[in-house]
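Written out below as structure tokens is the structure these notes cover.
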Amino acid sequence: MYVAVKGGEAAISNAHQLLADRRRGDRSVPAMTIEQIVEQLGLAVDRIMSEGSLYDKELAALAFKQARGDMIEAIFLLRAYRTTLPRFGYSNPIDTGDMLIERRISATYKDLPGGQLLGPTFDYTHRLLDPQLKGDEVVDEPQSRDAETGHTPRVSEILDQEGLIEGDGELPDDHRTGDLTREPMEFPMTRDTRLQALSRGDEGFLLALAYSTQRGYARSHPFAGEIRIGEVEVEIDVPELGFAVSIGRIRVTECQMVNQFKGSAKPPPQFTRGYGLVFGQSERKAMSMSMVDRTLRATELGEDLTAPAQDEEFVISHSDNVQATGFVEHLKLPHYVDFQAELDLVRRMRSEFDARQDGAEEQGDNLEAAE
Amino acid sequence: MAEATQQLHEQAPANPEQAARQRAMAVLARASGSELAKAWDAWPDRPDVSPVRGPETGLVMVRGRIGGGGAPFNFGEATVTRATVKLSTGHVGHAYALGADKDKVRHAAIFDALWQDDATRSAVEDQLVAPICKRLDSEDTRRRDETAATRVDFFTMVRGED
């Protein structure tokens with residue numbers, strides 16, 4: 001129960017002024033610019049865009065600054081902002097095969113067309129803090145060598161040749177693509193809607209679920225068939241023109257997880273797949289997403305349901321950190337009346353309990369006396 | 001912009017003029033705001049421009065495909081700005097671009113209108129589209145080459161004697 005209480009206005013206003021002060025911090029330290037955040041804290045910006053489910057680097061950087069670096073607060077700000085904008089329509093599906101690749105690796109094939117491209121990765125670093133970064137050291141330009149150009153096929157296309165791996169994941173022709181921003185969540189979900197939820201899901205939650213499947217809770221034997229990061233073109237059909245136009249590029253991370261599958265009553269033994277696609281550069285999330293996507297296909301593939309990561313309603317209902325934080329954090333808002341009601345109830349229960357205890361003791365005393 | 005117009009697009013015959021305009025619009029969408037502003041400021045005999053729609057910023061829901069090539073799914077929105085302008089020459093220009101830069105998109109719509117005018121098309125192509133396209137291509141090449149330098153060249157260690 002919520003009851004409007006007056007009297008906090010001055011405190012709230014002063015609290016917000018204090019927040020602005022603390023956000024700015026020591027005035028002798030230069031303020032961070034949006035450009036600095038976009039350029040130098042790019043992976044934070046990417047995470048905000050991914051979980052905010054809105055691709056706009058400047059807005060995500062602004063949200064990060066406004067939220068003092070609190071990721072979920074920044075994601076919340078971005079989600080709130082998107083509700084103020086009109087929807088122009090849907091893009092044509094992006095083609096990750098035509099990506100301008102910045103990183104591309106496969107853990108299943110050493111030699112594959114296009115090669116293993118490490119790109120700007122933390123992998124193989126020693127995870128030692130670098131004191132040089134405390135200052136503004138001159139950073140060398142990257143190395144460069146002539147690249148192959150053209151289409152780099154997805155590993156799944158290569159694996160398909162023997163027929164030992166399932167296809168890309170089709171839905172019936174008459175299926176209308178689900179959209180969680182327009183329709184309420186309903187279970188069971190189709191895979192397209194589930195992927196939308198996972199793509200904006202909380203990285204930590206998806207990571208923990210993916211980890212749980214590796215540790216034996218719905219074991220799914222995954223291999224990272226391919227991870228690719230880079231820019232893809234976004235095209236929309238423009239009704240007033242009657243043709244599609246490219247409106248620019250976005251950076252995405254795609255993960256094709258390949259899973260050994262011993263077969264069930266329905267499908268034969270083969271490799272099955274999980275798919276991850278997220279905004280920005282975030283292979284941890286794309287990998288987790290693809291593992292959870294695969295695990296959530298348990299019913300479709302006739303697997304035993306034994307673990308939390310296979311429970312679609314549990315996973316999807318709790319994957320959104322804006323919803324989660326809203327409900328958890330609302331507990332700190334005034335619940336004075338609720339609490340008064342509960343206090344009354346507990347007092348009454350306690351006095352009844354005490355009365356029963358007293359009664360029991362008296363009875364015990366009487367019995368002793370009688371003996 | 002939904003399924004109905006997608007069909008329209010697929011049925012549309014490939015015609016060279018349309019393809020050239022699509023290419024020019026794609027370059028304008030990726031141009032920087034200052035590139036377009038400078039070009040417009042320096043444009044000789046600027047026609048009067050009246051706004052028809054926008055510039056306005058909204059959202060496009062970006063779609064991917066399950067497994068990369070399967071059924072479509074909605075994976076997140078992006079900010080998009082669009083504008084339609086009419087020039088005193090009678091030509092109407094449209095522009096759409098990712099992001100929220102209204103000035104840039106208004107300029108892009110003006111240049112789309114100028115592109116459609118036979119009198120100014122080659123100037124738009126030569127002075128604007130070609131140099132911006134060149135810049136974008138060289139940035140892409142640089143990025144590809146930097147990535148190529150991180151390619152793993154596997155070699156096999158021969159152990160023992162044959």
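The listed protein sequences correspond, in order, to chains A and B. Counting from 1, position 139 in the first sequence corresponds to residue 139 in our numbering; the numbering is continuous, with no gaps. Counting from 1, position 23 in the second sequence corresponds to residue 23 in our numbering; the numbering is continuous, with no gaps. Note that CB positions come from ideal geometry on N, CA and C, so glycine has one too.
### Query
Terminal residues of the continuous alpha helix (DSSP H) containing residue 160 (chain A)?
Counting along the chain, residue 160 (chain A) falls outside any alpha helix (DSSP H), and DSSP gives it neither H nor E.
### Message
Does the structure place the region 76-92 of chain B close enough to the region 101-114 of chain B that three or more beta carbon pairs sit under 8 Å?
### Response
The region 101-114 of chain B vs the region 76-92 of chain B: in contact.
### Query
Near residue 100 (chain A), what residues of its chain come up, given a Cβ to Cβ distance below 8 Å and the 5 sequence neighbours on each side ignored?
Same-chain partners within the cutoff: 230, 231, 232 and 249.
### Query
Which residues, taken in chain order from the region 72-99 of chain B, show a beta carbon closer than 8 Å to some beta carbon of chain A?
If you check each beta-carbon in the region 72-99 of chain B against every beta-carbon of chain A, the ones closer than 8 Å belong to 72, 73, 74, 75, 76, 77, 78, 79, 80, 82, 84, 94, 96, 97, 98 and 99.
### Message
Just checking: is the beta-carbon of residue 6 (chain B) within a distance shorter than 8 Å of some beta-carbon in chain A?
### Response
Residue confidence for residue 6 (chain B) is low, a pLDDT of 43 falling below 50, so the modelled location carries little weight and cannot support an answer.
### Query
Can you name the start and end residues of the beta strand (DSSP E) that residue 277 (chain A) belongs to?
Looking at the DSSP string, the run of the beta strand (DSSP E) that includes residue 277 (chain A) is 270-279.
### Message
Which residues in chain A have a C-beta closer than 8 Å to the C-beta of residue 140 (chain B)? List them in chain order.
### Response
Going along chain A in sequence order, the residues near residue 140 (chain B) (Cβ under 8 Å) are 100.
### Message
Counting beta carbon pairs with one atom in the region 143-161 of chain A and one in the region 41-55 of chain B, are three or more of them shorter than 8 Å?
### Response
In this structure the region 41-55 of chain B does not touch the region 143-161 of chain A; the number of beta carbon pairs closer than 8 Å is below three.
### Query
Any idea what DSSP makes of residue 141 (chain B), helix, strand or coil?
Three-state result, residue 141 (chain B): helix.
### Message
In whole angstroms, give me the CA-to-CA distance for residue 135 (chain B) and residue 91 (chain A).
### Response
Taken atom to atom, the span from the alpha-carbon of residue 135 (chain B) to that of residue 91 (chain A) is near 26 Å.
### Task
Using alpha carbons as the reference points, say which of B:29, B:92 and B:59 lies closest to residue 133 (chain B).
Considering only alpha carbons, the answer is B:29.
### Task
Spell out whether any CB of chain A is found under 8 Å from the CB atom of residue 65 (chain B).
At least one chain A Cβ lies under 8 Å of residue 65 (chain B).
### Query
In terms of alpha-carbon separation, which member of A:226, A:251 and A:290 lies closest to residue 159 (chain A)?
If you compare the alpha carbons of A:226, A:251 and A:290 with that of residue 159 (chain A), the shortest gap goes to A:226.
### Task
Reducing DSSP to helix, strand and coil, say where residue 78 (chain B) ends up.
Residue 78 (chain B): strand per DSSP, three-state reduction.
### Query
CA-CA distance, residue 297 (chain A) and residue 218 (chain A)?
Roughly 11 Å separates the two Cα atoms.
### Task
Step through the CB atoms of chain B and report whether any lies within less than 8 Å of the CB of residue 77 (chain A).
Judged by the 8 Å Cβ criterion, residue 77 (chain A) is not in contact with chain B.
### Query
To the nearest angstrom, how far is it from the Cα of residue 264 (chain A) to the Cα of residue 126 (chain A)?
CA-to-CA, the gap between residue 264 (chain A) and residue 126 (chain A) works out to about 43 Å.
### Message
Against chain A, with Cβ distances strictly below 8 Å, would residue 125 (chain B) count as a contact?
### Response
So, not an interface residue.
### Message
Which residue marks the beginning of the beta strand (DSSP E) containing residue 94 (chain B), and which one marks its end?
### Response
Residue range 92-98 is occupied by the beta strand (DSSP E) that includes residue 94 (chain B).
### Residue span of the beta strand (DSSP E) that contains residue 90 (chain A), given as start and end
Note, residue 90 (chain A): beta strand (DSSP E), 87-90.
### Task
Answer with yes or no whether the minimum CB distance from residue 33 (chain A) to chain B is below 8 Å.
No, its Cβ sits nowhere closer than 8 Å to a Cβ of chain B.
### Query
Would you call the region 110-128 of chain A and the region 88-102 of chain B in contact, with 3 or more CB pairs under 8 Å?
A contact between stretches requires three or more CB pairs, one per stretch, nearer than 8 Å, and the region 110-128 of chain A fails this requirement with the region 88-102 of chain B.
### Query
Would you call the CB atoms of residue 272 (chain A) and residue 166 (chain A) closer than 8 Å?
Cβ distance < 8 Å, so residue 272 (chain A) and residue 166 (chain A) count as in contact.
### Among A:324, A:68 and A:336, nearest to residue 204 (chain A) - alpha-carbon criterion
Looking at the Cα atoms, A:324 is the closest of the given residues.
### Task
Starting from residue 94 (chain A), follow the alpha helix (DSSP H) in both directions and report where the run begins and ends.
Bounds of any alpha helix (DSSP H) do not take in residue 94 (chain A), whose DSSP letter is neither H nor E.
### Task
Just the chain A side, please: which residues come within less than 8 Å of residue 25 (chain B) by C-beta, in chain order?
Neighbours of residue 25 (chain B) in chain A, taken as residues whose beta carbon is under 8 Å from its own, are 245 and 246 in chain order.
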